[in-house]
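> Below you will find the structure I want to go over with you.
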Amino acid sequence: MNQIETDVLIIGAGPAGAMAAALLQKQGFKLLVVEKQAFPRFVIGESMLPSCMNLLQEAGLLDAVEQQHFMRKYGAVFLRGNETCNFDFSSQFTHGFTYTYQVPRAEFDKTLADTVAARGVEILYRHSIVAVNFQATHASATVEPSGGSRFEVRAKFILDCSGYGRVLPRLLDLEKPSDFPVRESLFTHVTGDVRPPEREQGKVWICIHPADAWTWIIPFSNGRTSIGVVARPEFFRKFPGDPETQLRAMVMSDPNTAKRLANMQIVMPPQRISGYSCGVKQFYGDRFALVGNATEFLDPIFSSGVALALDSAQRAAHALTRQLRGEVVDWQVDYADHVQHGIDTFRAFVLAWYDNRLPEIFFSANRNPDIMRQVCSVLAGYVWDKTNPYVTQADRALGLLAKILKSKMQREVA
Ligand code: FAD
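Heads up: the sequence shown at position 208 corresponds to 207 in numbering that gives the first Met the number 0, and the numbers run straight through without jumps.
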C-alpha cells in the first residue's frame, strides 16, 4: 500500500474542515483534506448566524463568501398564529456582525473548499477514511478512493470534521446517545415564496404549527427558498401520502406558512432526517480532535450547526498550531470546555424552546427591550460573551424570565 505523509489529516471538507484548513495553512503546516463526496454536494444547514462572519473573516474566507451574493439575513422572525416576535441583529447586546447569509450549502461549502484549495491545500474528493490507527509517534489512516485502491496517510494529528459521517466517533467507539427525544425533519427547496419586502426579505421565519411542530422558511438569493418541518415522528404520521403531499398538507395547515407558500412549487425531492441529535464521550484524544458536527449536534431550531462547526474548527486549529510548535496544550481547557460551553448555551435555549418557555417569552406583550437584546445575541451565535446573563446562566435566566412574564400576564388578566 502507498503511503502519504502530512502534518495534519483533515477528514471532511464541509465548513469545519475548510475553516480548520484555512487557519492551519496560514501557519504553514502541511495538510491533507480527505472528502468522501464530490463538490458541489447538497447538505442541510442553510441559515447562518452573525458569529460565523467573524470566524470566516479571521480565516480569510469572508471575501470569497461575500462575492457569492448570497441572501443577506438580518434576523429571525418567530410566528405563532397571529403573534410575531421579530429579532433584528442590529439590536443586540454583544458587539458583533449585524447580518449574515442564507446559503445553499452546495455553493457555500464549495466556495470555502475552493478558496483553501487555491491557497495550496490538497483536497482529495471522492475519498473516504475507512480506518485509523494511533501510535505514540504518529497517527495513520486508511483512505479508500471511490473505485480505486486503498492507501495510507501518516499524520502527526487528525482533525475529524466529517459531520454526519462521524468517522472517529464510530471507529473509536466514542458515540454517546443524545438525551433529546427523537425528532424528525422533512425538507425541500421551493420557488413561489411570497417574501416580505426589503430588509425583512432575508430573515429566517420560524413558524409554530398549531399541532406541535415548527417550520423553517429560509430564502435564498437564487429565487429558491428552503422549507422544512421539524416535529416528533408521530406528527408526520398524521399527514398521509408521499413526502410532497405531506409537506404541502403541513404547510397549508399553518396559517403563516400557508399565506407565504400558497403558490409554492417544489423544486427538489423532499428529504427526511430522523434522530439527528447525537453526542460523543470525549472531544479529543492523543493525536486527534473532533470538530463541528462530529462532536455533538443538538437541534436545527436556532441554526447553531455551522456556527459551532466554524468556532470549534477555529479553536482546534489554534490549539493544534501551538502543539505542533512544541507547546504543551491542555485540550480539555483550551478546546473541550470552550466548545462544550457554546453547545450548552444553545442546549438551554433548545430545551426552553421545546418546553414552551421561549415561545412564551417571545410572544409576551411585556417583553423588555434590554433583555431581548441579550437574547438576540445568543440567537446571533455570540454564545461565549460572558457579560451576557443569557450566556453565563442561560437556563436559569430563561426560567426566571418566563416565570416573571407569566405572573405579570396573570396579574393583568385578574
Ligand atoms: P458537514 O457539513 O456534514 O461536512 C462533513 C463532510 O465530511 C461532508 O462533506 C462529508 O461528505 C464528509 N465525510 C463524511 N464521512 C467521511 C469519510 N468517511 N471520509 C471523508 N469525508 C467524509 N446548521 C445551521 O447552521 N443552520 C441551519 O439552518 C441548520 N439546519 C439544519 C436542519 C436540519 C434538519 C439538521 C439535521 C441540521 C441542520 N443544521 C443547521 C446543522 C448543519 O447541517 C451542521 O451542523 C453542519 O453542516 C456541520 O458542519 P460540519 O462541517 O461539521 O459537517
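Glycine is no exception: its CB is placed at the ideal position from the N, C-alpha and C atoms.
(1) What is the DSSP secondary structure of Asn255, counted as helix, strand or coil?
(2) Could you tell me if the beta carbon of Ile10 falls within a distance shorter than 7 angstroms of some heavy atom in ligand 1?
(3) For Arg356, collect the residues of the same chain with a Cβ closer than 7 angstroms to its Cβ; drop the 5 residues on either side in sequence, then sort them by chain order.
(4) Here's a check: name, in chain order, each residue in its chain whose Cβ is nearer than 6 angstroms to the Cβ of Val203, leaving out the five neighbours to either side.
(5) Quick one, are the C-beta atoms of Phe186 and Gln270 less than 8 angstroms apart?
(6) Quick check: Gly278 and Gly44, are their CB atoms within less than 8 angstroms of each other?
(7) Taking 8 angstroms as the threshold (C-beta atoms), are Ser276 and Ser184 in contact?
(8) When the distance is taken between beta carbons, is Glu34 closer than 8 angstroms to Tyr124?
(9) With 16 other CB atoms within 10 Å as the buried threshold, where does Val181 fall?
(10) Alpha helix (DSSP H) containing Ala293: first to last residue?
(11) Within a Cβ cutoff of 6 angstroms, which residues of the same chain sit near Val42, ignoring the five residues on either side of it in sequence?
(12) Could you give the distance in angstroms between the alpha-carbon of Pro209 and the alpha-carbon of Thr83?
(13) Compare the beta carbon distance of Ile157 and Ala140 with 8 angstroms and say whether it is the shorter of the two.
(14) Between Pro388 and Arg79, how many whole angstroms is the CB-CB distance? I'm expecting something under 8 angstroms.
(15) Confirm the yes/no value for this check: CB of Met408, any heavy atom of ligand 1, distance under 7 angstroms.
(16) Is Cys160 near ligand 1, judged by its Cβ being under 7 angstroms from some heavy atom?
(17) For the pair the region 331-347 and the region 376-395, tell me if three or more CB-CB distances fall below 8 angstroms.
(18) Rounded to whole angstroms, what is the Cα-Cα separation between Leu350 and Asn255?
The relevant details are as follows:
(1) By one-based count along the sequence shown, residue 255 stands at place 256. The answer is helix: DSSP assigns Asn255 an H, G or I state.
(2) Your numbering for residue 10 matches position 11 in the sequence shown. Within the cutoff, so yes.
(3) For the purposes of this step, residue 356 is taken as the residue at position 357 of the sequence shown. Leu397, Gly398, Ala401, listed in sequence order.
(4) Working through the sequence shown from its first residue, we reach residue 203 at position 204. Around Val203: Ser46, Ala75, Ile217.
(5) Numbered from its first residue, the sequence shown carries residue 186 at position 187. Numbered from its first residue, the sequence shown carries residue 270 at position 271. Result yes, Cβ atoms of Phe186 and Gln270 sit closer than 8 angstroms.
(6) If you number the sequence shown from 1, residue 278 lands on position 279. If you number the sequence shown from 1, residue 44 lands on position 45. Their beta carbons are not under 8 angstroms apart, which means Gly278 does not touch Gly44 by this criterion.
(7) Locating residue 184 in the sequence shown gives position 185, where the first residue counts as 1. Locating residue 276 in the sequence shown gives position 277, where the first residue counts as 1. For Ser184 and Ser276, no; Cβs fall outside 8 angstroms.
(8) As a first step, residue 124 is located in the sequence shown; it is residue number 125 there, counting from the start. As a first step, residue 34 is located in the sequence shown; it is residue number 35 there, counting from the start. Yes. Within cutoff.
(9) Taking the sequence shown and counting its residues from 1, one reaches residue 181 at position 182. Result: exposed.
(10) Sequence index remark: in the sequence shown, residue 293 carries index 294 (1-based). That residue, Ala293, is in no alpha helix (DSSP H); it is neither H nor E in DSSP.
(11) In the sequence shown, the residue the question calls residue 42 occupies position 43. Take Val42, set aside five residues on each side of it, and the residues of its chain with a beta-carbon closer than 6 angstroms to its own are Arg104, in chain order.
(12) Here residue 209 is taken as the residue at index 210 of the sequence shown, counted from 1. Here residue 83 is taken as the residue at index 84 of the sequence shown, counted from 1. Near 14 angstroms, if we compare the C-alpha coordinates of Thr83 and Pro209.
(13) Looking up residue 157 in the sequence shown gives position 158. Looking up residue 140 in the sequence shown gives position 141. A contact, by the Cβ cut-off of 8 angstroms.
(14) Position 389 of the sequence shown, counted from the start, is the residue given in the question as residue 388. Position 80 of the sequence shown, counted from the start, is the residue given in the question as residue 79. Not really, about 25 angstroms apart at Cβ, beyond 8 angstroms.
(15) By one-based count along the sequence shown, residue 408 stands at place 409. Outside the cutoff, so no.
(16) What you label residue 160 is simply residue 161 of the sequence shown in a count that begins at 1. Correct: Cys160 has its Cβ closer than 7 angstroms to ligand 1.
(17) With a cut-off of 8 angstroms, the region 376-395 and the region 331-347 count as touching, because enough Cβ pairs lie within range.
(18) On the sequence shown, position 351 is the one that residue 350 refers to. On the sequence shown, position 256 is the one that residue 255 refers to. Approximately 24 angstroms between the Cα atoms of the pair.
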